[in-house]
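Residue numbers (this note's numbering), protein chains in the order written: chain C, 1 to 161; chain F, 162 to 322; chain R, 323 to 483.
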Amino acid sequence: MALIEQRLHEMGLTLPQPIQTPAGVKLPFPFVRVLGTRVLISGHGPLNDDGSLATPLGKLGRELDVEQGRLAAQRTALAVLASLQRALGDLDRIQAWTRVFGMVNSAPGFTRQPEVLNGFSELILALYGNERGQHVRSAVGMAELPFNIPLEVEGEVSLAG
Amino acid sequence: MALIEQRLHEMGLTLPQPIQTPAGVKLPFPFVRVLGTRVLISGHGPLNDDGSLATPLGKLGRELDVEQGRLAAQRTALAVLASLQRALGDLDRIQAWTRVFGMVNSAPGFTRQPEVLNGFSELILALYGNERGQHVRSAVGMAELPFNIPLEVEGEVSLAG
Amino acid sequence: MALIEQRLHEMGLTLPQPIQTPAGVKLPFPFVRVLGTRVLISGHGPLNDDGSLATPLGKLGRELDVEQGRLAAQRTALAVLASLQRALGDLDRIQAWTRVFGMVNSAPGFTRQPEVLNGFSELILALYGNERGQHVRSAVGMAELPFNIPLEVEGEVSLAG
């Protein structure tokens, strides 16, 4: 078994199945696109292991508290890793995490987006270590997100040159 | 005539003139910047053929319904293509669409951003085909957008190496 | 003294100290990551010279007017330049500004995001000139931002090849 997947297994974490798109919605784009050594990642939200949208849905500061948001961010990282695993064949091929753009569905007055996104960043750092896992990041508050998911993350990673 | 422009012509679509910036506003940046084979694209909104802002202005879920949003997204794609045509000279030079970041001006409770952005993605795929046209995408809900435009899209394309 | 820093000095502007993160918040990511000739920049907000969050905090169109927003955007550019200076050693190494993504904390009905972001773009153009300073840009309205800062900017610059 590849090293990163082994670490996930040891942490008791599972990569989810591909997203089960809500009925009637077409998503005419790939979740990952490889451009030489750059790997671009579409916006992902939190999924259950079977690929259905994870609950609770809704906004931070209304339907979800910070701790629920952190768990949703960890689930979002797992959804991103699952897409990367399917596109790359092996998560060990990722040489560097480079950019994480975290968008939090935010009720009026909710300003703790960084703490929510730490659920994403901390999993990546635990899996890849401080050097390979290091990424620039923004964490910002959105008015609304598709299907009322609590957060959406897009980003970029690099492969060996 | 170049192939992509010919397809646009056959579809009855026209590339708009450069944006007529609302009075008193300076936009001190280019709409496209070429960096070797990477082409970065500034945020664009929907334009009329003469470069004026397309109407209706406003938010999805309030001033615009999903079908109006899809048409605005198609007009936004045409505005992006027009900027790329001016910067590159020929739209056939684009080897790959790579990233589309779609920001929808969203009234409270509007969560159908992906359907709106499909108006953008479907035109790109119709023009460039499934391989060249394939792009990673995020579709998210903004609190407000400049001039009250209904959506804004930024992104990136690649030229042949 | 390096040329860009000399220009800043002549303009009477100072690069701020690293951000003093509000108590209890961990930001487990770098503010800049260098990938060959690409330099990726995390989301930055406006800082005082000592690295504390600049006031007023809040939303454009409510706690801040456009002129206050422009000044906050200039302070954000200084915070970005300070991070780049620490990561690169010398701001003269930047060959091209390439992407500026400007997110404005926007009260309902505030649609003047471009004028706010001009406070950022105009400083970069004054320092680097129209060729090196030229960047693609989006300026959009967020529902909320971390710590209630009035704007956040992420972006990218290039080094000589």
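C-beta atoms are modelled at their ideal positions from N, C-alpha and C, and glycine is treated no differently.
_Contact criterion: CB-CB distance below 7 Å. Does F/E305 meet it with respect to chain R?_
Residue contact check for F/E305 against chain R: a CB pair falls below 7 Å.
*Starting from the C-beta of R/E327, find all residues in its chain whose C-beta is less than 7 Å away, skip the five residues before and the five after it, and write them out in chain order.*
Excluding sequence neighbours, R/E327 sits near L413.
_F/V186 at chain R interface by Cβ criterion, 7 Å_ = So, interface residue.
*With 7 Å as the threshold, decide whether the Cβ of C/G51 is near any Cβ in chain F.*
So no, C/G51 is outside the interface.
*Kindly list, in the order they appear in chain C, the residues whose Cβ is closer than 8 Å to that of F/Q295.*
Within chain C, the residues near F/Q295 are F29, P30, R33.
_Run through chain C and tell me which residues come within less than 8 Å of F/T272, C-beta to C-beta._
By Cβ distance, chain C contributes E144, L145, P146, F147, N148.
_Nearest by alpha-carbon distance to C/L64: which of C/R93, C/A126, C/N148 is it?_
Ranking C/R93, C/A126, C/N148 by Cα distance to C/L64 puts C/N148 first.
_Mapping the DSSP letters down to three states, classify F/A224 as helix, strand or coil._
Checking the displayed sequence, the identity of residue 224 of chain F turns out to be Glu instead of Ala. Note: F/E224 maps to coil in three-state DSSP.
*Rounded to the nearest angstrom, how far is the Cβ of R/L337 from that of R/A418, given a contact under 8 Å?*
20 Å between Cβ atoms; not a contact.
*Please check if any C-beta of chain C sits within less than 7 Å of the C-beta of F/V301.*
Interface residue, yes.
*asked:* List, in chain order, every chain F residue whose beta-carbon is nearer than 7 Å to that of R/S480.
replied: Here the neighbours are L196.
_Cα-Cα separation between C/L27 and F/E313, rounded to whole angstroms_ = Computed Cα separation, rounded: 19 Å.
*Is R/H331 buried or exposed, if buried means 16 or more other CB atoms sit within 10 Å of its CB?*
By the 10 Å Cβ count, R/H331 comes out exposed.
*Residue(s) in a DSSP beta bridge with F/V193*: Looking at the DSSP output, F/V193 sits in a beta bridge with F/I202.
*Say whether chain B places a C-beta atom closer than 7 Å to the C-beta of R/G383.*
The structure shown has no chain B; the protein chains it does contain are C, F and R.
*According to DSSP, is F/I255 helix, strand or coil?*
Correct three-state label for F/I255: strand.
_C-alpha distance - R/F351 paired with F/D211, whole-angstrom precision_ = Their backbone Cα atoms lie some 45 Å apart in a straight line.
*Is F/R298 helix, strand or coil by DSSP?*
F/R298: strand per DSSP, three-state reduction.
*What do you reckon, are the CB atoms on C/H44 and C/V80 nearer than 7 Å?*
With respect to C/V80, C/H44 sits close: the two C-beta atoms are nearer than 7 Å.
_Report the CB separation of R/P368 from R/A409 in whole angstroms; it is logged as a contact under 8 Å._
Not a contact, Cβ separation roughly 19 Å.
*Which first and last residues belong to the alpha helix (DSSP H) in which C/S121 is found?*
Taken as a continuous stretch (DSSP letters only), the alpha helix (DSSP H) holding C/S121 covers 113-132.
*Verify the CB distance criterion: does F/G290 have a CB-CB separation below 7 Å to chain R?*
No, its Cβ sits nowhere closer than 7 Å to a Cβ of chain R.
*Starting from the C-beta of C/I124, find all residues in its chain whose C-beta is less than 8 Å away, skip the five residues before and the five after it, and write them out in chain order.*
For C/I124, where only same-chain residues beyond five positions count, the Cβ hits under 8 Å are A77, W97, V100, G133, H135.
_Proximity to C/N48 [Cα-Cα], best of C/L13, C/A2, C/G119_ = Nearest of C/L13, C/A2, C/G119 to C/N48, Cα basis: C/L13.
_Straight-line gap, C/L35 to C/L117 (C-alpha atoms, nearest Å)_ = Just so you know, the alpha carbons of C/L35 and C/L117 end up roughly 26 Å apart.
*How far does the alpha helix (DSSP H) with R/L325 in it reach, from first residue to last?*
325-332 is the extent of the alpha helix (DSSP H) around R/L325.
*Which residues share a DSSP beta bridge with R/L369?*
DSSP lists R/L375 as partners of R/L369.
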